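Peer 1: Residue numbers (UniProt numbering): 1 to 161.
1) Identify, in the order they occur along the chain, each residue of the same chain with its Cβ nearer than 6 Å to the Cβ of residue 209, setting aside the five sequence neighbours on each side.
2) Quick one: what's residue 111 bridged to in DSSP?
3) Taking the runs of the alpha helix (DSSP H) that are 4 residues or longer, which of them lie wholly in the stretch 12-79?
4) Counting C-beta neighbours from all protein chains within 10 Å, is the total for residue 26 16 or more, i.e. buried, or is it exposed?
5) Should residue 114 and residue 78 be called a contact, given that it needs their Cβ atoms to be closer than 8 Å?
6) Would you kindly work out how many angstroms separate the C-alpha atoms of residue 156 and residue 33, rounded to a whole number?
7) In whole angstroms, give me the CA-to-CA distance for residue 121 and residue 31.
8) Can you give me the Cβ contacts of residue 133 inside the same chain, cut-off strictly under 6 Å, excluding the 5 residues immediately before and after it?
9) Which value, in whole angstroms, describes the spacing of the CA atoms of residue 148 and residue 29?
10) With residue 121 as the anchor, note down where its alpha helix (DSSP H) starts and where it stops.
11) Is residue 111 buried or exposed, if buried means 16 or more other CB atoms sit within 10 Å of its CB?
12) Check this for me: beta carbons of residue 93 and residue 49, under 8 Å apart or not?
13) Take residue 65 as the anchor and find which of 160, 150 and 2 has the nearest alpha-carbon.
14) Take residue 67 as the anchor and find which of 99, 104, 47 and 40 has the nearest alpha-carbon.
15) Nearest by alpha-carbon distance to residue 53: which of 39, 38, 40 and 82 is it?
As structure tokens, this is what we get:
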């Protein structure tokens, strides 16, 4: 079965958010968001690799049968991580890049693509951007800050350290 995995990133002055949406012909199969904390919270290469790996592991669990996947990256992630995965740029974190490439081999076929520039976003592309912005907005509220602190202390998979 063919799937598309859309991954986007957004940041404010305190943290970054990475969101993913896994979709097939029937609609959205899975979605999720990761927030960054700690000293590497604005390291786009490190956090981008971790976000792609976690999103692809989630996609592996949700995909049924033999899966062909197209990973659609937004411009920020494509510039930092996509070119490393394609071998165009030397990786900043070689072991992390190799791990991401190994995770991509879980699927029958895995292709990288970039999101369209301009106003022609698909519903899934718009949804994944909205999820990033919602996560950043939510993290500014007292309830969101408490949840972020709780997830950080408990070692939640929703946090990239």
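By construction, the Cβ of each residue, glycine as well, lies at the ideal position given by its N, Cα and C atoms. Fair warning: this is a prediction, and the values are worked out from it, not measured in the lab.
Peer 2: Here's the rundown:
1) The chain is shown from 1 up to 161; residue 209 falls before or after that span and cannot be answered.
2) The partner list for residue 111 (beta bridge, DSSP) reads 70.
3) 44-62
4) exposed
5) yes
6) Cα to Cα, residue 156 sits roughly 12 Å from residue 33.
7) 18 Å
8) Once the five neighbours on either side are set aside, the close Cβ partners of residue 133 are 10.
9) Rounded to whole angstroms, residue 148 to residue 29 spans 25 Å at the Cα level.
10) According to the DSSP assignment, residue 121 belongs to no alpha helix (DSSP H), since it is labelled neither H nor E.
11) exposed
12) yes
13) Ranking the options by Cα distance to residue 65, first place goes to 2.
14) Per the C-alpha coordinates, the member of 99, 104, 47 and 40 positioned closest to residue 67 is 104.
15) Nearest C-alpha to residue 53 among 39, 38, 40 and 82: 82.
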